[in-house]
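Numbering follows the working numbering, with no gaps: position 142 of the sequence shown is 147.
Backbone N, C-alpha and C fix where the C-beta goes; we use that ideal spot for every residue, glycine too.
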Amino acid sequence: MRFHAQGAVLFVLLSLASIPSALAQENHHQTHGSRPLTRHEGLAILRVARDFHGPANSPSDCSHLVHALYERAGFPYDYAPSSDLYAGVDDFRRVANPQPGDLAVWRGHAGIVVNPAQHSFFSMLSSGPGVDSYDAPYWKQRGLPRFYRYIKAPSGARSSSVRSASLKP
């Protein structure tokens, strides 16, 4: 079930349409501390992915693509390779139930969850940017993905992204 760059845009649009509009219109509250992204904010990341135009402006690999899309959506973090994302970085919290816009990470690969009900994600695939299912045989052989949700820091505050525990001597 692989979709390629042009098909990805259509697939993302259709996937967004299948998410109940109540989720996209979720009410958010300002807090004084850090908080995970809301579903509405996760959908903003997918809108950026939908508008991504393929190879001419493609980052070189999956972790650079994910980083670029989060940055363009207004959710910055210090770049981290997929191995660090898999181990965990301070700007994301591991979650059991992914929502659109969350990270789906394997050892050596990262993508952005499109539709958890369809197990779809957007990433740099062997054929370029596109959407695939994390239930596809290729991804299943890599093991179960870990899911992480971006933690939005209060205005003016940002944490260091890579945990020292994930660094090798």
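Counting along the chain, the unbroken alpha helix (DSSP H) around Asp-89 starts and ends at 87-92. Here Leu-130 is bridged, per DSSP, to Gly-133. With respect to the C-alpha of Leu-51, the residue from Phe-126, Ala-101, His-114, Asp-140 having the closest C-alpha is Phe-126.
For the pair Gly-106 and Ile-117, the CB atoms are nearer than the 8 angstroms cut-off.
When secondary structure is reduced to three states using DSSP, Ser-65 falls in the coil class, being assigned neither helix nor strand.
If you draw a 10 Å sphere on the C-beta of Lys-145, you find fewer than 16 other C-beta atoms in it, and that means exposed. Distance check between Tyr-139 and each of Ala-115, Pro-159, Tyr-155, Val-53 places Ala-115 closest, using alpha-carbon atoms only.
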